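**Student:**
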Amino acid sequence: MSKKIYLNKSDSVTSAIEKVIGADDNDVVLYIPRDAQAGESKKNLELIKREADAAGKNLLVESVDDNILSRLNEVGIKSLNPFLGRGKKTVSDIVKIKPGKSISPKVDEEAEEVEEEEEEVEGATKKKRKTKKTKKARSTKKGGGMRRLAILALSGVILALVLFGAVVFLPKASISIALEKMEHGFIGNLIASPEIEESRLEANTIYLRGVALSGEKNLTKSYPATGEDSVGRKAKGIITVYNNFNTSPQTLVETTRFVTPEGKIYRADRDITVPGGKMVDGDLVPSSINVPVTADQPGEEYNIGPVDIFRIPGFQGSSRYEGFYGLSSAAMTGGYTGEVKVPTEDDINVARKDLSKALEELIKTEFLINLPDGIEILDEGQDVEITKEQVNNVVDEQGNFSITLYGSLSLVGFNADELVSVFEGYFEEEAGKDLAIYDYSTEFGAVEVDGDGVSAAISFDSTWVNPFNKEEFKEKIRGMTENQLRQEIFASGAKSGEIRMSPFWVNRVPQRNSRITIDVD
Numbered sequence: 059m060s061k062k063i064y065l066n067k068s069d070s071v072t073s074a075i076e077k078v079i080g081a082d083d084n085d086v087v088l089y090i091p092r093d094a095q096a097g098e099s100k101k102n103l104e105l106i107k108r109e110a111d112a113a114g115k116n117l118l119v120e121s122v123d124d125n126i127l128s129r130l131n132e133v134g135i136k137s138l139n140p141f142l143g144r145g146k147k148t149v150s151d152i153v154k155i156k157p158g159k160s161i162s163p164k165v166d167e168e169a170e171e172v173e174e175e176e177e178e179v180e181g182a183t184k185k186k187r188k189t190k191k192t193k194k195a196r197s198t199k200k201g202g203g204m205r206r207l208a209i210l211a212l213s214g215v216i217l218a219l220v221l222f223g224a225v226v227f228l229p230k231a232s233i234s235i236a237l238e239k240m241e242h243g244f245i246g247n248l249i250a251s252p253e254i255e256e257s258r259l260e261a262n263t264i265y266l267r268g269v270a271l272s273g274e275k276n277l278t279k280s281y282p283a284t285g286e287d288s289v290g291r292k293a294k295g296i297i298t299v300y301n302n303f304n305t306s307p308q309t310l311v312e313t314t315r316f317v318t319p320e321g322k323i324y325r326a327d328r329d330i331t332v333p334g335g336k337m338v339d340g341d342l343v344p345s346s347i348n349v350p351v352t353a354d355q356p357g358e359e360y361n362i363g364p365v366d367i368f369r370i371p372g373f374q375g376s377s378r379y380e381g382f383y384g385l386s387s388a389a390m391t392g393g394y395t396g397e398v399k400v401p402t403e404d405d406i407n408v409a410r411k412d413l414s415k416a417l418e419e420l421i422k423t424e425f426l427i428n429l430p431d432g433i434e435i436l437d438e439g440q441d442v443e444i445t446k447e448q449v450n451n452v453v454d455e456q457g458n459f460s461i462t463l464y465g466s467l468s469l470v471g472f473n474a475d476e477l478v479s480v481f482e483g484y485f486e487e488e489a490g491k492d493l494a495i496y497d498y499s500t501e502f503g504a505v506e507v508d509g510d511g512v513s514a515a516i517s518f519d520s521t522w523v524n525p526f527n528k529e530e531f532k533e534k535i536r537g538m539t540e541n542q543l544r545q546e547i548f549a550s551g552a553k554s555g556e557i558r559m560s561p562f563w564v565n566r567v568p569q570r571n572s573r574i575t576i577d578v579d
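For the sequence shown, the numbering used here assigns the number 59 to the initial residue and increments by one for each residue that follows.
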């Protein structure tokens, strides 16, 4: 069974040779399409034949391109047109007759001729066979004609669809336009303030409507303390106080003393009311309440573990002394005496300066990230004010103290598009025609904050072009010839233009905007 290979139009002769010699079968049928690169010259076909012969391939080439078929014939490659090269079927009825007698009836073009001699038979028999043969030929002719009509009709529809697609979907126009550019510059002053109601240019000064913006932020940071001081800290803890005396509540005031069996005194940090006990089946069930306490003296000796009984010296000598008592289930901690680190005035000043800078950068960064679209800020016009300061002199275990600063940012911005708009009106008046901004750069001098506004020197360099709207231009040029399009390009104020239409038969701009591309510089 032969291997059939189909080439694309763009396949090179090298690609064709590789496909032929790489085929699994020795019998190869190669289809070369019309205008294919591999069949464009006699030399290419000779190369294909030489390599096919060397590889032992029996090559047959099919093509519908008459020029390629002619070249194939010249170089000696077997070829055929797959649509025209199939032979007609031979239909024949053979009846032998005596020598010298033959029947060779002639029918229409679709009927087959009977060429073989037949034996002599009766005249009636010969006539009957001739009539039967003619009817068969006529039936074949009728059926073949209907098929041809159907094929022609289908081919016509397909051709019409192809032509429609080629006309509607293939045409494309690519247009490159270089607009004429005009340079304009300005050197003067800029004043931006919320009090300005209308942006304008007067007497070499730009007046812009300003936008007042503000924000607040706080920041806390730890710094090492370099000073030392003798200090004492008192231990703290929790005591649970019980009322096992009566059913009435008992008030104990702040600083009420609680004494351990060893005589260490701890005082209540606040007023408390101990609830009364409850009578259950004739027995008093004591009530309780927790109270925070602080050691009477500083020092580590007051850092003690849980205590089973605390007495209240204030009740000593009365019946309440035994009925009111306390206990602790956790240790008393924090008692200390000795040298500790403390921040000096220099420590606080250094911390304040460093934290102020960090807070200012933080406020500006977060503020500028959330700046409204189109608003421009002059860097020096950003005024950060420290509104509050808190210093925690108590150092942590690493010997650091902390400082917290609160700051607010007040600034004035302006709309960059509005600045360009003011210059647009100014330069259009100079040029005497409408302009559109192409590119610009702005430089500002030293910024001064004056009340609610800011001012600075300004240098504005810009490039302008004639206004050009791509979509409107597409609408205008649809259906134009290349000459008409070229005239329209220059009429729009362009300095130069380049036009590319494809495929090769297209000589007008397509009617569909989607098939028109415009590149403007």
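Glycine included, each C-beta is placed from N, C-alpha and C at the ideal position.
As the structure is a computational prediction, the values presented were derived from the model and not from experiment.
Does the beta-carbon distance from Ala293 to Thr352 come in below 9 Å?
**Tutor:** The count along the sequence shown starts at 1 and reaches residue 293 at position 235. The count along the sequence shown starts at 1 and reaches residue 352 at position 294. In this structure, Thr352 lies closer than 9 Å to Ala293 by Cβ.
**Student:** Classify Thr278: buried if its beta carbon has 16 or more other beta carbons within 10 angstroms, exposed otherwise.
**Tutor:** Along the sequence shown, read from residue 1 onward, the residue named residue 278 stands at position 220. The residue in question, Thr278, is exposed, as its Cβ has fewer than 16 Cβ neighbours within 10 Å.
**Student:** For Val453, collect the residues of the same chain with a Cβ closer than 6 Å to its Cβ; drop the 5 residues on either side in sequence, then sort them by chain order.
**Tutor:** Taking the first residue of the sequence shown as 1, we reach residue 453 at position 395. Excluding sequence neighbours, Val453 sits near Ala283, Lys399, Phe459.
**Student:** Beta-carbon within less than 8 Å of Ser386's beta-carbon, same chain only, minus the 5 sequence neighbours each way: which residues are those?
**Tutor:** For the purposes of this step, residue 386 is taken as residue 328 along the sequence shown, with counting starting at 1. Gly295, Ile296, Ile297, Thr298, Pro364, Val365, Phe368, listed in sequence order.
**Student:** Whose CA, out of Thr539, Asp93, Lys532, Asn565, lies closest to the CA of Asp577?
**Tutor:** Locating residue 577 in the sequence shown gives position 519, where the first residue counts as 1. Looking at the Cα atoms, Lys532 is the closest of the given residues.
**Student:** For Ser345, report the span of its beta strand (DSSP E) as first-last.
**Tutor:** Counted from its first residue, the sequence shown places residue 345 at position 287. Its beta strand (DSSP E) spans residues 345 to 356.
**Student:** Pick helix, strand or coil for Glu180, following the three-state DSSP scheme.
**Tutor:** Counted from its first residue, the sequence shown places residue 180 at position 122. A caution first: Glu180 carries a pLDDT of 40, below 50, which makes its placement in the model unreliable, though a value can still be read off. Here Glu180 sits in coil by DSSP.
**Student:** For Ser251 versus Val480, is the C-beta spacing smaller than 9 Å?
**Tutor:** Within the sequence shown, the letter at position 193 stands for residue 251. Within the sequence shown, the letter at position 422 stands for residue 480. Taking 9 Å as the Cβ cut-off, Ser251 and Val480 do not qualify as a contacting pair.
**Student:** Are there three or more Cβ pairs, one per stretch, closer than 8 Å when the stretch 99 to 111 is compared with the stretch 61 to 69?
**Tutor:** Contact annotation: the stretch 99 to 111 does not touch the stretch 61 to 69, with fewer than three C-beta pairs closer than 8 Å.
**Student:** Are Leu266 and Ile249 close, meaning C-beta to C-beta below 9 Å?
**Tutor:** One-based indexing of the sequence shown puts residue 266 at position 208. One-based indexing of the sequence shown puts residue 249 at position 191. Against a cut-off of 9 Å, the Cβ pair of Ile249 and Leu266 comes out as a contact.
**Student:** Quick check on the burial criterion: 16 or more other C-beta atoms within 10 angstroms. Buried or exposed for Asp573?
**Tutor:** As a first step, residue 573 is located in the sequence shown; it is residue number 515 there, counting from the start. Note that residue 573 corresponds to Arg in the displayed sequence, not to Asp. It counts as buried.
**Student:** Would you kindly report the start and end of the unbroken beta strand (DSSP E) that includes Arg566?
**Tutor:** Looking up residue 566 in the sequence shown gives position 508. Premise fails: Arg566 is in no beta strand (DSSP E) and is neither H nor E.
**Student:** Is it buried or exposed for Tyr64, if we count other Cβ within 10 angstroms and need 16 for buried?
**Tutor:** Numbered from its first residue, the sequence shown carries residue 64 at position 6. Tyr64 comes out exposed.
**Student:** Comparing C-alpha positions only, which one of Thr263, Asn262, Val269 sits nearest to Val255?
**Tutor:** In the sequence shown, counting from the first residue as 1, residue 255 sits at position 197. For the record, residue 255 in the displayed sequence is Glu; it is not Val. Residue Val269 holds the alpha-carbon nearest to the alpha-carbon of Glu255 among Thr263, Asn262, Val269.
**Student:** What residue from Leu417, Val408, Tyr360 has the CA that sits closest to Gly392's CA?
**Tutor:** Walking along the sequence shown from the start, residue 392 turns up at place 334. Among Leu417, Val408, Tyr360, the Cα nearest to that of Gly392 belongs to Tyr360.
**Student:** So for Ile557, helix, strand or coil by DSSP?
**Tutor:** Position 499 of the sequence shown, counted from the first residue, corresponds to residue 557. Three-state DSSP puts Ile557 in a strand.
**Student:** Go through the stretch 437 to 492 residue by residue and report every complete run of the beta strand (DSSP E) that reaches 3 residues or more, in order.
**Tutor:** 441 to 450, 458 to 473
**Student:** Distance, Cα to Cα, Arg566 vs Leu477?
**Tutor:** Locating residue 566 in the sequence shown gives position 508, counting from the first residue. Locating residue 477 in the sequence shown gives position 419, counting from the first residue. Cα to Cα, the separation comes out at about 43 Å.
**Student:** Do Ala94 and Ile106 come within 9 Å of each other at the CB atom, strictly closer than that value?
**Tutor:** Indexing the sequence shown from 1 puts residue 106 at position 48. Indexing the sequence shown from 1 puts residue 94 at position 36. No, Cβ-Cβ distance for Ile106 and Ala94 is not below 9 Å.
**Student:** How is the beta strand (DSSP E) around Lys279 delimited, first residue to last?
**Tutor:** What you label residue 279 is simply residue 221 of the sequence shown in a count that begins at 1. Segment 263 to 282, the beta strand (DSSP E) holding Lys279.
**Student:** State the DSSP-derived secondary structure class of Thr575, mapped to helix, strand or coil.
**Tutor:** Mapped onto the sequence shown, residue 575 falls at position 517. Strand.
**Student:** Run through DSSP, which three-state label would Glu312 get?
**Tutor:** By one-based count along the sequence shown, residue 312 stands at place 254. It is coil, neither helix nor strand.
**Student:** If you reduce the DSSP assignment to three classes, tell me which class Asp329 lands in.
**Tutor:** Start at 1 with the first residue of the sequence shown, and residue 329 comes out as number 271. DSSP places Asp329 in coil when its eight states are reduced to three.
**Student:** Flag this pair as yes or no: are the beta carbons of Val86 and Ala110 separated by less than 9 Å?
**Tutor:** In the sequence shown, residue 86 corresponds to position 28, counting from 1. In the sequence shown, residue 110 corresponds to position 52, counting from 1. For Val86 and Ala110, yes; Cβs fall inside 9 Å.
**Student:** Can you confirm whether the stretch 491 to 507 touches the stretch 309 to 328 when touching is taken to mean that 3 or more C-beta pairs between the two stretches lie within less than 8 Å?
**Tutor:** no
**Student:** Using alpha carbons as the reference points, say which of Ile495, Ala515, Asn428, Ser520 lies closest to Leu436.
**Tutor:** Counted from its first residue, the sequence shown places residue 436 at position 378. Taking only the C-alpha atoms, the option nearest Leu436 is Ala515.
**Student:** Do you know offhand how far Leu237's Cα is from Ala552's?
**Tutor:** Position 179 of the sequence shown holds residue 237. Position 494 of the sequence shown holds residue 552. One C-alpha to the other measures close to 4 Å.
**Student:** Report the rounded CA-to-CA distance for Thr575 versus Arg536, giving the unit in angstroms.
**Tutor:** To locate residue 575, count along the sequence shown from 1; it is residue 517. To locate residue 536, count along the sequence shown from 1; it is residue 478. Taking C-alpha positions only, Thr575 is separated from Arg536 by approximately 12 Å.
**Student:** Determine the DSSP secondary structure at Ser234, reduced to helix, strand or coil.
**Tutor:** In the sequence shown, counting from the first residue as 1, residue 234 sits at position 176. Note: Ser234 maps to strand in three-state DSSP.
**Student:** Quick one: what's got a C-beta closer than 7 Å to Glu419's C-beta in the same chain, skipping five residues either side?
**Tutor:** For the purposes of this step, residue 419 is identified with residue 361 of the sequence shown, where counting begins at 1. The answer is none, since no qualifying residue turns up.
**Student:** Since Arg291 sits in a beta bridge, which residues does DSSP pair it with?
**Tutor:** Here residue 291 refers to the residue found at position 233 of the sequence shown. DSSP, once it has assigned bridges, lists Tyr394 as partnering Arg291.
**Student:** So Glu379 is in the alpha helix (DSSP H); what residue range does that whole segment cover?
**Tutor:** Start at 1 with the first residue of the sequence shown, and residue 379 comes out as number 321. The residue you asked about is not Glu; residue 379 is Tyr in the sequence shown. Residues 378 to 381.
**Student:** How many angstroms separate the CA atom of Ser306 from the CA atom of Tyr379?
**Tutor:** As a first step, residue 306 is located in the sequence shown; it is residue number 248 there, counting from the start. As a first step, residue 379 is located in the sequence shown; it is residue number 321 there, counting from the start. Between Ser306 and Tyr379, the C-alpha separation is close to 15 Å.
**Student:** Quick one: is Ser121 buried, meaning 16 or more other Cβ sit within 10 Å of its Cβ, or exposed?
**Tutor:** The residue given as residue 121 occupies position 63 in the sequence shown. Buried, since its Cβ has 16 or more Cβ neighbours within 10 Å.
**Student:** In angstroms with no decimal places, state the Cα-to-Cα distance between Pro607 and Ile557.
**Tutor:** In this structure the chain extends from 59 to 579, so residue 607 is not present and cannot be described.
**Student:** Run through DSSP, which three-state label would Val408 get?
**Tutor:** Here residue 408 is taken as the residue at index 350 of the sequence shown, counted from 1. Reduced to three states, the DSSP call for Val408 is helix.
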